[in-house]
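Residues 1 to 560, numbered by the working numbering, are exactly what the sequence shown covers, in order.
Accompanying notes for the structure given below.
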Amino acid sequence: MDRIAESRLATAEPGELITRQDSTVAIVVFVGFVAILVVLFPFPPVLDYANHYARIWLLSGGISEQPFPEIYAIDWSRTFTNVGIDLLAIWLGPIVGADRLARTLLFLAIVLPSLGAISLHRALFGGRHYWQIAMLSLGWCATMIGGFINFQIGLGMALVFGCVDLRLQRGSFVLLFAWRLAAALMLTVMHIFSLGFYMAVVCGLEFSWRFDVLRSKTGLMRLASRVTLALGACVLPLLALYLRAPALPNAGGNGLALAWNDGVVLIVINLLSAITTYIPVVDVVMVLPFILICTRASRAGDIRVHAGLAVAASGLLLLSCVSPRHMLGTGWISWRFPIMTALVAMAMVCPFANLTRRQALLLALVVNLAVFGRTGWIGWNWWLAQKDVAAVETVLKKVPVGATVLPLQHDPKTVSGLAHSSRYFFLREETFWHLPTLATPFAHAFVPTLFTAKGKQPLSVLAPWSEIAVPEGNLLSIGVLLCPAMMQVYENFTPYLSDWRGRFDFILVVNADAPDRYVGALMPAGLTLVEDAGFAKLYAIDKAVPAEPTSVPAGCAAAL
């Protein structure tokens with residue numbers, strides 16, 4: 001018996017029960033909608049995407065074009081995980097082209113987690129329940145808008161692999177063990193967090209439907225042995241790869257460099273990363289119907305729950321609350337667990353499986369309006385951001401091949417509302433941070449903030465360029481060039497700021513149509529405006545140091 005609560009409709013007359021629910025059409029339409037968005041908007045407001053795009057372009061063959069043979073090298077000994085898209089860039093990029101591959105990967109990052117959860121739900125509960133449409137909403141979350149492409153694809157792979165695991169659990173243990181080894185190897189290569197997610201899902205599936213196993217000593221021992229063997233199979237490929245290429249992310253020699261969500265408010269905000277995108281209030285409103293559906297189904301007694309996955313979701317929820325925000329040079333670690341929790345939580349329940357025709361139509365209407373309304377909201381923001389992308393492309397046309405470009409931004413004191421909603425997501429994180437890295441494929445120019453982190457990417461920066469490159473770049477305020485105190489703070493971990501006049505040819509300022517909180521529209525002396533495209537401005541740098549030092553703007557005091 002896998003039902004937590006029996007539905008009152010289960011005792012109704014056969015004529016009162018509806019025909020089977022079918023979520024397939026809505027799922028197909030959603031996938032098509034996402035495909036249209038990816039095709040229409042080549043560089044959506046997804047934080048890391050432009051940086052990934054530039055790296056994919058290099059790995060797909062761009063690294064052989066001038067001036068990049070003297071700047072970058074490919075070294076696979078630098079890492080053993082988080083390289084899924086890098087491997088595909090090497091293998092498929094030269095065949096299909098970097099642009100098509102990058103868009104395909106973005107598409108998969110959006111749809112795979114939801115489709116994986118739907119597949120697992122169908123494998124557990126059977127049927128095509130309307131609740132599966134609600135799972136599509138989890139395609140939009142902070143990790144997706146953050147552009148964690150390897151991570152997102154890895155989540156979808158882990159859920160699909162969980163479906164295969166569920167089928168194999170009924171057969172040969174040798175075959176199951178071999179499958180887990182292969183699955184763990186693929187997931188480790190894609191992203192190490194996806195391996196951890198797969199392990200959580202597998203343990204939940206091994207637990208079984210109900211908690212009865214905990215009442216039997218024999219059953220409990222059997223469960224413990226199966227879970228131990230499952231975890232062992234998953235850990236073996238990880239250990240083998242680590243021993244072969246022991247390169248881990250680091251924090252620039254600063255140890256673990258831990259930062260925590262130390263407070264109830266920060267923990268709650270972190271949990272909301274599972275659903276938040278550009279304006280959190282909009283996301284919360286559009287997700288509330290799904291919570292109401294579950295609560296109403298529970299009250300009506302028409303809800304089924306997989307006990308094992310409930311345990312897995314509880315463990316992931318705990319990790320969401322206690323995991324560090326940053327560690328080992330990797331940002332937003334704590335964002336990873338809420339979306340894992342949400343995916344498992346939605347896959348583990350089946351609310352309102354038994355409804356009259358009228359009730360089923362109402363349920364379908366509610367979930368479709370919520371999912372497609374939210375997707376339309378995403379589409380609006382993607383459309384809104386295209387004028388900013390066009391501005392960056394316009395100024396990059398004035399950058400000559402082989403130039404060095406210093407990317408900076410105007411960091412406003414307040415964020416505008418709907419007019420610029422696409423420029424920020426979650427806790428005022430900028431979505432435009434990495435747009436300047438498009439100078440790599442579009443202008444064949446050097447930008448110091450391309451992703452080249454040891455332990456994460458196989459791309460490395462050669463000397464002397466490595467002296468002015470960072471593995472994961474921040475987009476600093478233009479005030480850093482005018483405020484000595486800011487310069488003193490930031491140049492310790494952004495070496496490209498040292499002697500910026502002598503080492504760079506151009507400054508590319510983004511978000512330039514909003515005044516900077518520290519210096520307004522003021523720029524250092526010795527710069528010539530080359531192109532003003534509103535959101536983006538390009539300045540040529542005069543290599544000669546100004547004879548007279550400029551005065552410190554009054555706004556710099558706010559940066560201390």
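Backbone N, C-alpha and C define an ideal beta-carbon position, used for all residues, glycine too.
These figures come from a predicted structure and were not determined experimentally.
- Cβ neighbours of Ala-183 within its own chain (closer than 6 angstroms, five residues either side excluded): Phe-161.
- Fully contained in the region 428 to 480 are the following beta strand (DSSP E) runs of length 3 or more, in chain order: 459 to 461.
- At the C-beta level, Ile-279 and Pro-351 stay beyond 9 angstroms of one another.
- Segment contact: the region 100 to 108 against the region 476 to 491, fewer than three CB-CB distances shorter than 8 angstroms; contact not assigned.
- Assignment of Phe-535 by DSSP, reduced to helix, strand and coil, places it in the coil class.
- In the structure shown, Thr-330 falls within a strand segment according to DSSP collapsed to helix, strand and coil.
- Residue state for Asp-302 is assigned as coil, using DSSP reduced to three classes.
- Around the beta carbon of Phe-211, fewer than 16 other beta carbons sit within 10 angstroms, so the residue counts as exposed.
- The Cβ-Cβ distance between Glu-65 and His-444 falls below 9 angstroms.
- Contact between Phe-535 and Leu-406 is ruled out by a C-beta separation of about 17 angstroms, above the 8 angstroms threshold.
- A distance below 8 angstroms between beta-carbons, with the five flanking residues on each side excluded, links Arg-517 to the following residues of its chain, in chain order: Asp-411, Pro-412, Lys-413, Ser-477, Gly-479, Gly-555 and Ala-558.
- Burial is judged here by how many other beta carbons sit within 10 angstroms of a residue's own beta carbon; Val-415 has fewer than 16 and is exposed.
- Note that the C-beta distance between Ile-85 and Tyr-72 is not below 9 angstroms.
- When the beta-carbon positions are compared, Leu-58 and Leu-459 come within less than 9 angstroms of each other.
- Taking the Cβ atoms as the reference, Met-186 lies roughly 13 angstroms from Leu-112, outside the contact range of under 8 angstroms.
- Residue pairing by DSSP puts Ala-540 in a beta bridge opposite Phe-506 and Thr-528.
- If you draw a straight line from the Cα of Leu-155 to the Cα of Asn-82, it is about 12 angstroms long.
- Listed as beta-bridge partners of Phe-425 by DSSP are Glu-429.
- Within the model, the alpha-carbon separation for Ala-533 versus Ala-390 is close to 9 angstroms.
- If one requires a minimum length of 3 residues, the beta strand (DSSP E) runs lying completely within the region 55 to 124 are 72 to 74, in chain order.
- In this structure, Thr-494 and Val-470 form a Cβ contact; the two beta carbons are roughly 6 angstroms apart against a cut-off of 8 angstroms.
- Nearest in C-alpha terms to Leu-166, of all of Ala-134, Phe-68, Ile-192 and Met-199, is Met-199.
- Judged by DSSP in its simplified three-state form, Pro-351 adopts strand.
- Counting only runs of at least 4 residues, the region 163 to 213 fully encloses the following alpha helix (DSSP H) elements, listed from N- to C-terminal order: 173 to 190 and 192 to 207.
- Taking 9 angstroms as the cut-off, the Cβ atoms of Pro-436 and Val-366 do not count as close.
- For Thr-218, the secondary structure class from DSSP, reduced to helix, strand or coil, is helix.
- When only Cα atoms are considered, Ala-453 and Leu-292 end up about 43 angstroms apart.
- Rounded to whole angstroms, Ala-514 and Leu-475 show a C-alpha spacing of 15 angstroms.
- Phe-33 is positioned such that its CB atom lies closer than 9 angstroms to that of Phe-372.
- Comparing alpha-carbon positions, the option among Ser-114, Ser-320 and Val-395 lying closest to Ala-540 turns out to be Val-395.
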